[in-house]
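Q: In our numbering, the protein residues as written are 42 to 197.
Given below as structure tokens:
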């Protein structure tokens with residue numbers, strides 16, 4: 042029971058990693074299932090389970106990376122810039138609000154920084170929507186993997 046709980050915890054950590062593009066969450070999920078199979082002495086389980094898990098890892102890791110390159114190829118703004126700009130803009134608004142008050146802080150921040158973002162706002166929003174769709178695909182692959190592992194390997 043303790044081993045199953047530990048493996049489930051590692052799989053849920055892998056599930057959280059599926060939301061970030063630079064972490065290999067589905068590989069973490071698959072590795073934890075293989076570790077459980079070694080620790081628990083599970084020697085046989087259906088071949089279709091292995092094929093399905095391998096296909097889901099392939100789709101989530103390789104397929105979404107290729108799809109990400111394809112979906113963001115025609116934009117003059119990089120995906121890193123899009124994510125960093127959004128996060129830093131929100132953080133800057135929060136800090137300016139804390140230091141200067143909500144109305145003055147927001148006004149000063151938008152006058153200083155916001156005007157630099159306006160020309161790229163359309164491209165940034167399109168890239169962010171596409172990156173969120175890819176993260177959702179990876180997340181769904183992770184959920185399916187955990188469901189299959191719990192049903193056919195952990196017997197939960």
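Where is the CB? At the ideal position from N, CA and C, for every residue including glycine. Since this is a predicted model, take the numbers as computed values, not measurements.
Comparing C-alpha positions only, which one of 132, 141 and 98 sits nearest to residue 180?
A: The residue with the shortest Cα to Cα distance from residue 180 is 98.
Q: Assuming residue 146 and residue 70 are in contact, meaning their beta carbons sit under 8 Å apart, how far apart are those beta carbons, in whole angstroms?
A: The Cβ separation is near 42 Å, so there is no contact.
Q: When you compare only the Cα positions, how much space is there between residue 115 and residue 175?
A: Rounded to the nearest angstrom, the two C-alpha atoms are 17 Å apart.
Q: Note down, in chain order, each residue of its chain lying with its Cβ closer than 6 Å to the Cβ of residue 109, except the 5 sequence neighbours on either side.
A: Cβ neighbours of residue 109 beyond the five flanking positions: 175.
Q: For a test of the three-state rule: what should DSSP assign to residue 109, helix, strand or coil?
A: Helix, per DSSP.
Q: Figure out for me which residue from 74, 57, 63 and 43 has the closest Cα to the Cα of residue 192.
A: The candidate whose alpha carbon is nearest that of residue 192 is 74.
Q: Applying the criterion that 16 or more other CB atoms from any shown protein chain within 10 Å of the CB defines a buried residue, is residue 129 buried or exposed?
A: The residue is exposed, with fewer than 16 neighbouring Cβ atoms inside 10 Å.
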